[in-house]
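Peer 1:
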Amino acid sequence: MTTPASTHAANQPRILMCPPLFYGIEYEINPWMSTERQADHKLAGEQWDGLRAALQSAGASIELMTPVKGLPDLVFTANAAMVYRDRAIVARFKHPQRQGETPLDRAWLEHDGLSVDDPPADLSFEGAGDALFCGDTLYAGYRMRSDAGGHQQIGEMLGVRVLPLELADPYYYHLDTCFCPLSQSEAVYFPGAFDEYGQKVLEANVPTLIPVAADEARSFACNAVVVGKTVVTNAGCPQLHKQLKERGYTPIATPLGEFVKAGGSAKCLTLRLDGEEAAAWKQTAD
Numbered sequence: 010m011t012t013p014a015s016t017h018a019a020n021q022p023r024i025l026m027c028p029p030l031f032y033g034i035e036y037e038i039n040p041w042m043s044t045e046r047q048a049d050h051k052l053a054g055e056q057w058d059g060l061r062a063a064l065q066s067a068g069a070s071i072e073l074m075t076p077v078k079g080l081p082d083l084v085f086t087a088n089a090a091m092v093y094r095d096r097a098i099v100a101r102f103k104h105p106q107r108q109g110e111t112p113l114d115r116a117w118l119e120h121d122g123l124s125v126d127d128p129p130a131d132l133s134f135e136g137a138g139d140a141l142f143c144g145d146t147l148y149a150g151y152r153m154r155s156d157a158g159g160h161q162q163i164g165e166m167l168g169v170r171v172l173p174l175e176l177a178d179p180y181y182y183h184l185d186t187c188f189c190p191l192s193q194s195e196a197v198y199f200p201g202a203f204d205e206y207g208q209k210v211l212e213a214n215v216p217t218l219i220p221v222a223a224d225e226a227r228s229f230a231c232n233a234v235v236v237g238k239t240v241v242t243n244a245g246c247p248q249l250h251k252q253l254k255e256r257g258y259t260p261i262a263t264p265l266g267e268f269v270k271a272g273g274s275a276k277c278l279t280l281r282l283d284g285e286e287a288a289a290w291k292q293t294a295d
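Below, the structure is given as structure tokens:
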């Protein structure tokens with residue numbers, strides 16, 4: 010259960026997470042997943058606790074969903090919805106294995122005080138996994154899990170500019186696995202996850218792009234959570250952490266290898282309820 014948004018401390022970062030009580034590799038819907046390579050349940054719980062502690066130490070309030078047996082990916086709350094001001098566009102999952110999450114996500118978000126909308130009819134949309142603000146622009150990943158047409162219609166619903174980015178590598182099946190806005194003018198990205206056009210779109214529209222090396226991208230370096238000037242990532246991203254420090258950020262590494270087995274890491278395990286740090290609308294709302 011949660012406390013409605015209106016009663017929370019003003020300006021405190023709020024993040025939705027779901028404990029990994031029923032987390033496991035029960036099916037295969039991305040190249041990372043193999044039912045023959047199961048997660049260590051105890052270790053996954055410890056890693057999830059470590060991420061939660063790191064985010065709390067950065068000043069975030071952690072809100073919790075109740076885990077549900079038979080929905081192992083409910084733990085990846087980033088996909089539940091995209092939040093814009095006091096509205097949430099709830100997901101319409103591409104794969105049937107995850108579609109049971111949506112009614113639970115909707116109920117939680119409505120109880121939290123958000124106005125919940127559906128994505129355009131008959132189009133897949135996987136929430137903040139594929140829709141991230143950097144400044145006043147919504148960058149939208151498509152092809153693997155979300156449909157480009159849906160993003161454009163969501164942009165019209167919200168009155169914001171949308172730049173679609175085609176994802177070219179199935180290992181980076183959501184935008185948040187290869188692109189992480191840090192501020193209104195800075196972002197981390199893995200160039201190899203995008204086609205040539207997508208790379209040019211990013212280069213033309215994000216003033217400062219920090220490229221991630223292929224080996225660190227495979228450790229989900231781009232799947233980071235930004236809280237103020239703190240950037241929380243999976244372990245194994247030293248080059249990125251060096252670059253972040255040089256730019257005035259405080260990077261924190263916390264092991265999340267048990268979730269990488271399912272194709273997720275820090276960002277996938279979180280949904281920012283009050284707006285990402287990089288969203289221009291968040292700054293005007295404060």
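So the sequence shown is numbered by this note's numbering: it starts at 10 and just counts up by one.
Even for Gly, the Cβ is constructed at its ideal location relative to N, Cα and C.
Note that the coordinates shown come from a computational prediction; the quantities given were computed from them, not determined experimentally.
(1) What separation, rounded to the nearest whole angstrom, lies between the Cα atoms of Leu191 and Asp131?
(2) Kindly indicate the opening and closing residues of the beta strand (DSSP E) around Met26.
(3) What would DSSP say about Met306, mapped onto helix, strand or coil?
(4) Apart from the five residues just before and just after Ser133, which ones in its own chain have a Cβ nearer than 8 Å to its Cβ?
(5) Measure from the alpha carbon of Ala297 to the alpha carbon of each residue in Gly273, Glu285, Leu280, Ala289, then state which is nearest.
(6) If distances are taken between C-alpha atoms only, which option among Pro179, Val236, Phe142, Tyr181 comes closest to Leu167?
(7) Based on DSSP bridge pairs, tell me the residues matched to Pro190.
(8) When you compare the CB positions of Gly136 and Met74, do they come within less than 9 Å of one another, or not?
(9) Taking just the CA atoms, how far does Ala69 sit from Ile24?
(10) What are the start and end residues of the beta strand (DSSP E) that includes Ile71?
(11) Could you check which residue in Asp139, Pro112, Gly138 has the C-alpha nearest to that of Asp126?
(12) Taking 9 Å as the cut-off, decide whether the C-beta atoms of Tyr258 and Leu211 are in contact.
(13) For Met42, collect the residues of the same chain with a Cβ closer than 8 Å to its Cβ; drop the 5 residues on either side in sequence, then sort them by chain order.
Peer 2: So, from the data block:
(1) 32 Å
(2) 23-26
(3) Residue 306 cannot be examined here, being either before or after the span of the chain that is shown, 10 to 295.
(4) Arg101, Phe102, Lys103, Arg154, Ser155, Asp156, Gly159
(5) No statement about residue 297 is possible, as the shown extent of the chain runs from 10 to 295 and does not include it.
(6) Phe142
(7) Ala196
(8) no
(9) 7 Å
(10) 70-73
(11) Pro112
(12) no
(13) Ile34, Tyr36, Lys270, Ala271, Gly272
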